[in-house]
Amino acid sequence: MPSSQPDAQNPREIRAARLQKVSDLKQLGLNPYAYTWDISHQSAQLQKQFADLPNGEEADFKVSIAGRIMVRRVFGKLAFFTLQDETGSIQLFLDKKTIQAAMADTDEQAFTHLKQLTDVGDFMGVRGIIKRTDKGELSVKVSTYAILTKALQPLPDKWHGLTDVAKRYRQRYVDLIVNPEVRDTFRKRAQITASIRRYLDNQNFIEIETPVLQSEPGGADARPFVTYHNTLDMELYLRIATELHLKRLIVGGFERVFEMGRIFRNEGISTRHNPEFTSIELYQAYADYHDMIDITEALIVNAAEEVLGTTQITYQGEAIDLSTPWKRITMHDAVAEKTGINFAEFTELDAAKAAAKKAGLHGIDDCPSIGHILNEAFEQTVETTLIQPTFITDYPVEISPLAKPHRAKPGLVERFELFIVGRETANSFSELTDPVDQRQRLEAQAEKKAAGDLEAHSLDEDFVTALEYGMPPTGGMGMGIDRLVMLLTDSPSIRDVIAFPLLKPDQSGSD
RNA sequence: GGGUUGCUAGCUCAGCGGUAGAGCACUCGGCUUUUAACCGAUUGGUCCUGGGUUCGAAUCCCAGGCGACCCA
-8 MPSSQPDAQN
2 PREIRAARLQ
12 KVSDLKQLGL
22 NPYAYTWDIS
32 HQSAQLQKQF
42 ADLPNGEEAD
52 FKVSIAGRIM
62 VRRVFGKLAF
72 FTLQDETGSI
82 QLFLDKKTIQ
92 AAMADTDEQA
102 FTHLKQLTDV
112 GDFMGVRGII
122 KRTDKGELSV
132 KVSTYAILTK
142 ALQPLPDKWH
152 GLTDVAKRYR
162 QRYVDLIVNP
172 EVRDTFRKRA
182 QITASIRRYL
192 DNQNFIEIET
202 PVLQSEPGGA
212 DARPFVTYHN
222 TLDMELYLRI
232 ATELHLKRLI
242 VGGFERVFEM
252 GRIFRNEGIS
262 TRHNPEFTSI
272 ELYQAYADYH
282 DMIDITEALI
292 VNAAEEVLGT
302 TQITYQGEAI
312 DLSTPWKRIT
322 MHDAVAEKTG
332 INFAEFTELD
342 AAKAAAKKAG
352 LHGIDDCPSI
362 GHILNEAFEQ
372 TVETTLIQPT
382 FITDYPVEIS
392 PLAKPHRAKP
402 GLVERFELFI
412 VGRETANSFS
422 ELTDPVDQRQ
432 RLEAQAEKKA
442 AGDLEAHSLD
452 EDFVTALEYG
462 MPPTGGMGMG
472 IDRLVMLLTD
482 SPSIRDVIAF
492 PLLKPDQSGS
502 D
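Next comes the structure, spelled out in structure tokens:
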């Protein structure tokens, strides 16, 4: 017999009581941290296979399953446990007679030990037959069992669960244990990224990994994280985009490349921003931004159909229709619709500023060009209204230093951004391939940076040199994977789709 | 960065100037068809932290910490 349990006088002693059970198990010759368990089935499979088994009937069907004990209902000589595995859960029907008969050789007190030594949270392996109880719950009628892993920490309230948002993110493992829909979100995330890779693989794109540690971060307007290499004695930056290296690969002769990976931007944290997030960038030689529109639609529609089985989705109560083609409108037209101002008609900066201010826009005084004013106007009046998927096309050259000049519209570039539920979801251009133009634009950015603009691009000399070797006409597209996953999983915060989002260290002392 | 708001038992919460509470969980007893099992008993606290006001502070005030929401 196990020694008597210490009383769980306070929460700290819950752990002590469970450690005592670990010790008791060892004394009985049972390993509280087992090595393996032969799994014949998972719970969802059994629930499906025996959906028609009538109440009160046993099936002559042997199974061996394992999982975590989520609920215990213990009677004198009978117990019901709910066992949870990755696929779902199934009830265990544990009666004294069956268990003590089956386990007489190894543990003559097997049922008593089951009652005394198991807790909610423990992992358990069982063998038995399938049975549906009189009350209609599909169960495994257990003949033999083993405790596979003893849990020392109690799980949150079985009814209210874990709702403290900070605690859910800090202890995601607990969140995953008690909130099945969280597991589902991350399963869908994996399916979405797999779907994207499969699609691109079928289109003969290859994925090439480019450096995270860089001596000069480029490819986006963003502040980088700074780190340090000891033996080289130099500062390095974490990448803010994969663009410039992927384009070097196009120069090198790959015609379809992409990378899906982690990007780091030293910016604020919000429900839509995490300092590290996942982007995909793809580049296709001999293609332009029109081709990128097609591939952007295809990637997202394909993911929605494969993961959700539909292109009609709901995001936070709003119906979103992903069926193609999606709306396309130029930035000038979109702004004109909302403000009545056609900024394409202006040639004088001051006149454009006056018109913008008259229209009630703010932050206009700091704009160094008409293109910047147009962008401000867009962000202030149009962006959040783009609920259904919309491609905004033909951006000002001043805010697009890596895009090719528009073939027909002076002052603009061949660029689009995709907006869904008011959020920028993808960004694409016909890539700038003229090395002289590229150098001038990056030099202008470098001047802004020198003047204190922390988000301005810097001049990557080697990238410009690469362009001098010649880059074929190329279409490129970048997409925020986290935002796409938010959309397709109806998640309100980016933290819901990142398993371990960045949080400040907990110094509240409440733990 | 600004505004609003939250932090009390392992979990979910109540208490809002006068002895720190409930449900669940934990521990003990009972129970062979439960489903948030039930019945009975016991137990569990740095009321986020630090100052202040007060005879007296979880409660009021100030500062800080960690979140949430809204705004820029």
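Residue numbers (the numbering used here): -8 to 502.
The beta-carbon is built from N, C-alpha and C at its ideal position, and this holds for glycine as well.
Between alanine 57 and leucine 139, the C-beta spacing is below 8 Å. Cβ-Cβ distances below 8 Å link isoleucine 332 to Val326, Ala346, Ala347, Ala350 and Ala368 in the same chain, with the five nearest sequence neighbours on each side left out; the list follows chain order. In the structure shown, the three-state DSSP call for isoleucine 183 is helix.
About 5 Å separates the CB atoms of phenylalanine 407 and serine 419; that is less than 8 Å, so the two are in contact.
Aspartate 166 sits buried, since 16 or more C-beta atoms from the chains shown fall within 10 Å of its C-beta. Per the coordinates, the alpha-carbon of aspartate 51 lies some 11 Å from the alpha-carbon of lysine 132. Burial state of leucine 204 is exposed, judged by a 10 Å Cβ sphere holding fewer than 16 other Cβ atoms. Residue environment analysis places methionine 225 among the exposed positions, since fewer than 16 neighbouring C-beta atoms fall within 10 angstroms of its C-beta. Annotated three-state conformation of phenylalanine 369 is helix, per DSSP. Distance check between methionine 462 and each of Ile120, Asn366, Thr201 and Gly243 places Gly243 closest, using alpha-carbon atoms only. Taken through DSSP and simplified to helix, strand or coil, isoleucine 291 comes out as helix. If you draw a straight line from the Cα of lysine 12 to the Cα of arginine 180, it is about 39 Å long. The distance from the Cβ of isoleucine 187 to that of alanine 294 is about 6 Å, consistent with a contact at the 8 Å cut-off. Remark: C-beta atoms of phenylalanine 334 and isoleucine 355 do not approach each other more closely than 8 Å. Contact check between the segment 472 to 489 and the segment 429 to 444: fewer than three CB pairs, one atom from each, fall below 8 Å, which does not count as touching. In this chain, threonine 27 is not harboured by any beta strand (DSSP E), its DSSP state being neither H nor E.
When only Cα atoms are considered, phenylalanine 410 and leucine 85 end up about 55 Å apart.
Looking from the CA of serine 270, the closest CA among Gly252, Ile121 and Glu128 belongs to Gly252. For glycine 466, the closest alpha carbon among the candidates Thr262, Ile364, Ile241 and Leu365 is that of Ile241.
For the 8 Å CB-CB criterion, isoleucine 81 and serine 134 do not form a contact.
The beta carbon of glutamine 75 lies closer than 7 Å to those of Gly58, Arg59 and Met61 in the same chain, with the five residues before and after it left out.
If you compare the alpha carbons of Pro426, Thr381 and Arg398 with that of glutamate 415, the shortest gap goes to Thr381. Assigned with DSSP and collapsed to three states, leucine 493 falls in coil, not helix or strand. Here aspartate 357 carries a coil assignment [DSSP, helix/strand/coil].
Secondary structure of isoleucine 378 (DSSP, three-state): coil. By the 16-neighbour rule on beta-carbons within 10 angstroms, alanine 342 is exposed. Residue state for asparagine 418 is assigned as strand, using DSSP reduced to three classes. For glutamate 234, the enclosing alpha helix (DSSP H) begins and ends at 234 to 242. As far as DSSP is concerned, leucine 143 takes part in no beta bridge. The C-alpha of valine 156 is placed about 42 Å away from the C-alpha of valine 388.
Bounds of the alpha helix (DSSP H) holding isoleucine 90 are 87 to 93. In the structure shown, the three-state DSSP call for aspartate 279 is coil. In this structure, glutamate 246 sits away from phenylalanine 255, with a CB-CB distance that is not shorter than 8 Å. Glutamate 250 and lysine 439 have their C-alpha atoms roughly 29 Å apart. In this structure aspartate 212 is in contact with histidine 448, their Cβ atoms being roughly 7 Å apart against a cut-off of 8 Å. Per DSSP, reduced to three states, the secondary structure at glycine 469 is strand.
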